[in-house]
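Novice: Just add 7 to the spot in the sequence shown (first one is 1) and you have this note's numbering.
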Amino acid sequence: MAGLNKDDDFYMTLVTLQVEDYLFRVPRHTLEAQSTVFQDMFSFPPPPSIEVEGSSNECPIRLDGVKADEFRQLLKVLFPGPCGPRQHLNSEEWISVLKLSQMWQCQQARAIALKELPYSSVRKGAVEKVALAFQYDIKQWLIPGLNEMARRPEPISAGDVHLLGLDVALKVAAVRESLVFQPANPSSPPQDLDSDDQNSLSGQVRPAARVVSGTRNASDVDFTPVIKKIFELSGALRVLFNNHPVLKYESEGGKQLRKGRK
8 MAGLNKDDDF
18 YMTLVTLQVE
28 DYLFRVPRHT
38 LEAQSTVFQD
48 MFSFPPPPSI
58 EVEGSSNECP
68 IRLDGVKADE
78 FRQLLKVLFP
88 GPCGPRQHLN
98 SEEWISVLKL
108 SQMWQCQQAR
118 AIALKELPYS
128 SVRKGAVEKV
138 ALAFQYDIKQ
148 WLIPGLNEMA
158 RRPEPISAGD
168 VHLLGLDVAL
178 KVAAVRESLV
188 FQPANPSSPP
198 QDLDSDDQNS
208 LSGQVRPAAR
218 VVSGTRNASD
228 VDFTPVIKKI
238 FELSGALRVL
248 FNNHPVLKYE
258 SEGGKQLRKG
268 RK
């Protein structure tokens, strides 16, 4: 209508997105405001004389490599109802929010998801939690998860290597092998050393004796100092993302979304 102005904040353009076999129609402004990836994508001018992607059900923006239910959980956070999203999402759904918010750089949604995902609330094994911690940069999960892996009786398995990658699995093994027991008489050399090794320790501070056989019991051991020393956690994150094919693929998701709109 002539003479009317569009409000800068509350006159919203809707955009249609296709995820698997589902169509979603949401305010474009919120996606741009919450995600730098969507912001960059929408900044590209559309080709002339071609229907703009996202403008209709017949021409949606396709979000490939994403599950509809994962996207639905993210939208619950980006577009919360009267009671907010917290009453509706379980830990698996919050992990979906974390995955997509990292992929599309939705910092506010990511911060909310991290707050809703304390380590003890997630019903997964320690290995899977550690893998998720590296994958989605959940720093508060790393120490408890790695401690749990270091304390367990079972050794590192092929399945652990598959989930964590070889580099991280070897570091976990090094943490586990750091377990030592102080001998009853600190002045006596460790009993598991041969005579040459015992002689070489003369006049030196004697190390604790390593466990060489028997049942491993480390349930009460705090490996935190060793974990921090061996992992140098920021470096471990970089190694995992650079070398693990599955995680590398997911970390590239935002770039693929940008590329698809150019």
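By construction, the Cβ of each residue, glycine as well, lies at the ideal position given by its N, Cα and C atoms.
Remember, predicted model here, so these are calculated numbers, not experimental data.
(1) Report the start-end ranges of each alpha helix (DSSP H) in the segment 17-87 that is 4 residues or longer and not cut off at the edges.
(2) Just reading off the alpha helix (DSSP H) that Asp174 is part of, what are its end residues?
(3) Are at least three pairs of beta-carbons, each pair with one atom in the segment 165-173 and one in the segment 131-141, less than 8 Å apart?
(4) Which residues in the same chain have their Cβ closer than 7 Å to the Cβ of Ala180, if we skip the five residues on either side of it in sequence?
(5) Would you please state the rounded distance, in angstroms, between the beta carbons of Val233 and Val182? I believe it to be under 8 Å.
(6) Hey, how far is the Cα of Asn154 from the Cα of Thr231?
(7) Is it buried or exposed, Phe17, if we count other Cβ atoms within 10 angstroms and call 16 or more buried?
(8) Quick check: Ser63 and Thr23, are their CB atoms within less than 8 Å of each other?
(9) Going by CA-CA distance only, name the one from Val26, Ser50, Tyr29, Glu27 that's closest to Arg35.
(10) Just how far apart, CA to CA, sit Glu58 and Cys66?
(11) Quick check: Met156 and Ala133, are their CB atoms within less than 8 Å of each other?
Specialist: Concretely, from the data shown:
(1) Segments of the alpha helix (DSSP H) lying fully in the segment 17-87: 35-41, 43-50, 75-85.
(2) That run of the alpha helix (DSSP H) goes 173-184.
(3) The segment 165-173 vs the segment 131-141: in contact.
(4) Same-chain partners within the cutoff: Ile163.
(5) The pair is a contact, with the Cβ atoms about 5 Å apart (cut-off 8 Å).
(6) Spanning the two alpha carbons is a distance of roughly 7 Å.
(7) Classification of Phe17: exposed, given that the 10 Å Cβ count is below 16.
(8) Yes, Cβ-Cβ distance for Ser63 and Thr23 is below 8 Å.
(9) It is Ser50 whose Cα lies nearest to the Cα of Arg35.
(10) For the pair Glu58 and Cys66, the Cα-to-Cα distance works out to about 7 Å.
(11) Yes, the Cβ-Cβ distance between Met156 and Ala133 is below 8 Å.
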